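Working notes, structure below.
In the numbering used here, the protein residues as written are 4 to 373.
In structure tokens:
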């Protein structure tokens, strides 16, 4: 049991990334912009209590290097308690504001917004981030290939190397995984803050869907199209310095993966899921990882074999170092790999809690729906 659990963990965090690197070597990773006219696009932003940011965000999008007559913006005010709707009305005829009375969550807001979209391409953005110049052009360039149904951009954090954890390292690894999956035609997840979709491929989300950034690309894959990742489409954000908020956000995201399994059971069936191997390796294996860690610990704890008793002690020491890094991060930085161990434990604790959160349908209370 112990070695099986260790093999599962090794594959999830080392084997699969290495396999992607090898399999994706030499594959095309970028798309040159087509010389023809750029398509008309609509940028959709679902916002809740974003009065202080929404006007600047809308102007930032309209200021992108994109033909002024080919870009529109739809802001959906999802039951805000402040003056988000008023702030979003910036006096530009290309910008439309839809005001909702109730706060039903991002998925419902996007469903309503897409009913008003008339352009062939829809770009999804959030209120908090800012786009790198040229991002919109980079997002739409791959659509010149009719097989491409959606395009993901990169979410980067200005303070990735700051703070008392290695979440910056986690995001760099995650971005690399997505680039490798894109090159192989296996990409099935995007960042909700920066991605684009052929409007005709949009499939409305059930109310309460937590991961619009998984639901939408998966529907694209199910339709027979590919999801591409553009390395030149970049959104900049600032990572939260509040570890409690970051942990709650991670629990909610992982609970959303369990929710997707319940709502899209075909994900579990290899012959009905075109990206089953990548989805299992990238998503499901990480959801199962904390249970493998727990099983490995218990297998050693109840074994009378001296080897497994020694392995039990080694695991306890490792978890002790990780807990120390979480509790006293400043001091723990003096210990090699302590912060990485703390981040690894935090991420897997979030994965462990995600299943009961999904079962209790309490994930929305753990993190805001926007």
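All C-beta atoms, glycine included, are put in the ideal place defined by N, C-alpha and C.
Everything numeric in this text was worked out from a predicted model, so none of it was measured.
Among the options, nearest to residue i - alpha-carbon criterion
{"i": "residue 136", "options": "94, 237 and 75", "result": "237"}
{"i": "residue 22", "options": "96, 187 and 70", "result": "187"}
{"i": "residue 223", "options": "181, 153 and 273", "result": "153"}
{"i": "residue 283", "options": "271, 94 and 323", "result": "271"}
{"i": "residue 214", "options": "196, 230 and 226", "result": "196"}
{"i": "residue 291", "options": "317, 24, 131 and 351", "result": "351"}
{"i": "residue 144", "options": "240, 53 and 69", "result": "69"}
{"i": "residue 209", "options": "344, 113 and 314", "result": "113"}
{"i": "residue 93", "options": "305, 62, 256 and 11", "result": "62"}
{"i": "residue 235", "options": "257, 315, 198 and 98", "result": "198"}
{"i": "residue 230", "options": "265, 263, 281 and 239", "result": "281"}
{"i": "residue 56", "options": "20, 248, 46 and 87", "result": "87"}
{"i": "residue 16", "options": "74, 255, 319 and 173", "result": "173"}
{"i": "residue 119", "options": "131, 101 and 105", "result": "101"}
{"i": "residue 161", "options": "321, 131 and 232", "result": "131"}
{"i": "residue 158", "options": "232, 151, 221 and 91", "result": "232"}
{"i": "residue 18", "options": "91, 263 and 289", "result": "289"}
{"i": "residue 221", "options": "263, 319, 347 and 346", "result": "263"}
{"i": "residue 151", "options": "225, 273, 315 and 239", "result": "225"}
CA-to-CA distance, residue j to residue i, given in whole angstroms
{"i": "residue 59", "j": "residue 129", "result": "12 Å"}
{"i": "residue 383", "j": "residue 108", "result": "Because the chain spans 4 through 373 in this model, residue 383 falls outside it and cannot be assessed."}
{"i": "residue 341", "j": "residue 253", "result": "21 Å"}
{"i": "residue 353", "j": "residue 250", "result": "7 Å"}
{"i": "residue 6", "j": "residue 287", "result": "19 Å"}
{"i": "residue 330", "j": "residue 337", "result": "14 Å"}
{"i": "residue 76", "j": "residue 126", "result": "9 Å"}
{"i": "residue 142", "j": "residue 185", "result": "14 Å"}
{"i": "residue 190", "j": "residue 276", "result": "12 Å"}
{"i": "residue 48", "j": "residue 24", "result": "34 Å"}
{"i": "residue 309", "j": "residue 279", "result": "40 Å"}
{"i": "residue 85", "j": "residue 207", "result": "27 Å"}
{"i": "residue 317", "j": "residue 326", "result": "14 Å"}
{"i": "residue 370", "j": "residue 177", "result": "For residue 370, the predicted model reports a pLDDT of 43, less than 50, meaning its position is unreliable; a value from the coordinates is still stated below. If I take the Cα positions, the gap works out to 21 Å."}
{"i": "residue 217", "j": "residue 194", "result": "9 Å"}
{"i": "residue 133", "j": "residue 333", "result": "31 Å"}
{"i": "residue 124", "j": "residue 149", "result": "12 Å"}
{"i": "residue 78", "j": "residue 241", "result": "22 Å"}
{"i": "residue 110", "j": "residue 211", "result": "7 Å"}
{"i": "residue 201", "j": "residue 344", "result": "41 Å"}
{"i": "residue 285", "j": "residue 95", "result": "42 Å"}
{"i": "residue 67", "j": "residue 103", "result": "28 Å"}
{"i": "residue 54", "j": "residue 98", "result": "16 Å"}
{"i": "residue 323", "j": "residue 294", "result": "18 Å"}
{"i": "residue 313", "j": "residue 301", "result": "13 Å"}
{"i": "residue 311", "j": "residue 14", "result": "21 Å"}
{"i": "residue 306", "j": "residue 46", "result": "58 Å"}
{"i": "residue 89", "j": "residue 239", "result": "25 Å"}
{"i": "residue 256", "j": "residue 273", "result": "23 Å"}
{"i": "residue 355", "j": "residue 91", "result": "39 Å"}
{"i": "residue 320", "j": "residue 267", "result": "40 Å"}
{"i": "residue 4", "j": "residue 147", "result": "50 Å"}
{"i": "residue 80", "j": "residue 346", "result": "35 Å"}
{"i": "residue 359", "j": "residue 315", "result": "26 Å"}
Whole-number beta carbon distance between residue j and residue i, since they are thought to touch under 8 Å
{"i": "residue 44", "j": "residue 122", "result": "5 Å"}
{"i": "residue 51", "j": "residue 27", "result": "Going by Cβ atoms, the distance from residue 51 to residue 27 rounds to 38 Å, so no, they are not a contact pair."}
{"i": "residue 228", "j": "residue 204", "result": "7 Å"}
{"i": "residue 387", "j": "residue 12", "result": "This structure leaves residue 387 out entirely; the chain is present only between 4 and 373."}
{"i": "residue 175", "j": "residue 41", "result": "Going by Cβ atoms, the distance from residue 175 to residue 41 rounds to 31 Å, so no, they are not a contact pair."}
{"i": "residue 299", "j": "residue 8", "result": "4 Å"}
{"i": "residue 20", "j": "residue 180", "result": "6 Å"}
Burial state of residue i (16 or more Cβ within 10 Å)
{"i": "residue 357", "result": "buried"}
{"i": "residue 261", "result": "buried"}
{"i": "residue 361", "result": "buried"}
{"i": "residue 116", "result": "buried"}
{"i": "residue 72", "result": "exposed"}
{"i": "residue 219", "result": "buried"}
{"i": "residue 138", "result": "buried"}
{"i": "residue 64", "result": "buried"}
{"i": "residue 10", "result": "exposed"}
{"i": "residue 105", "result": "exposed"}
{"i": "residue 192", "result": "buried"}
{"i": "residue 74", "result": "buried"}
{"i": "residue 269", "result": "exposed"}
{"i": "residue 376", "result": "The question about residue 376 has no answer, for the chain in this structure spans 4 to 373."}
{"i": "residue 364", "result": "exposed"}
{"i": "residue 410", "result": "As displayed, the chain neither begins before 4 nor continues past 373, which places residue 410 out of reach and without an answer."}
{"i": "residue 265", "result": "exposed"}
{"i": "residue 368", "result": "Any reading at residue 368 must be qualified, since the residue scores a pLDDT of 48, below 50, and its modelled position is unreliable; no value is offered."}
Residue i Cβ short of 7 Å to the ligand NAD heavy atom set
{"i": "residue 199", "result": "Among the ligands in the structure shown, none appear at all, so the ligand NAD cannot be discussed."}
Those runs of the alpha helix (DSSP H) which lie wholly inside the region 19 to 103 and span at least 4 residues: Residue ranges of uninterrupted alpha helix (DSSP H) with 4 or more members, entirely inside the region 19 to 103 and ordered along the chain, are 19 to 26, 57 to 65 and 87 to 91.
Every unbroken alpha helix (DSSP H) within the region 254 to 295, with a cutoff of 4 residues, ordered by chain: Entirely contained in the region 254 to 295, the alpha helix (DSSP H) runs reaching 4 residues are, in chain order, 279 to 282.
Continuous alpha helix (DSSP H) assignments of at least 4 residues falling wholly in the region 331 to 356: The region 331 to 356 contains these whole alpha helix (DSSP H) runs: 332 to 335.
Runs of beta strand (DSSP E) lying entirely within the region 198 to 262, each at least 3 residues, in chain order: Complete beta strand (DSSP E) runs here, min 3: 229 to 240.
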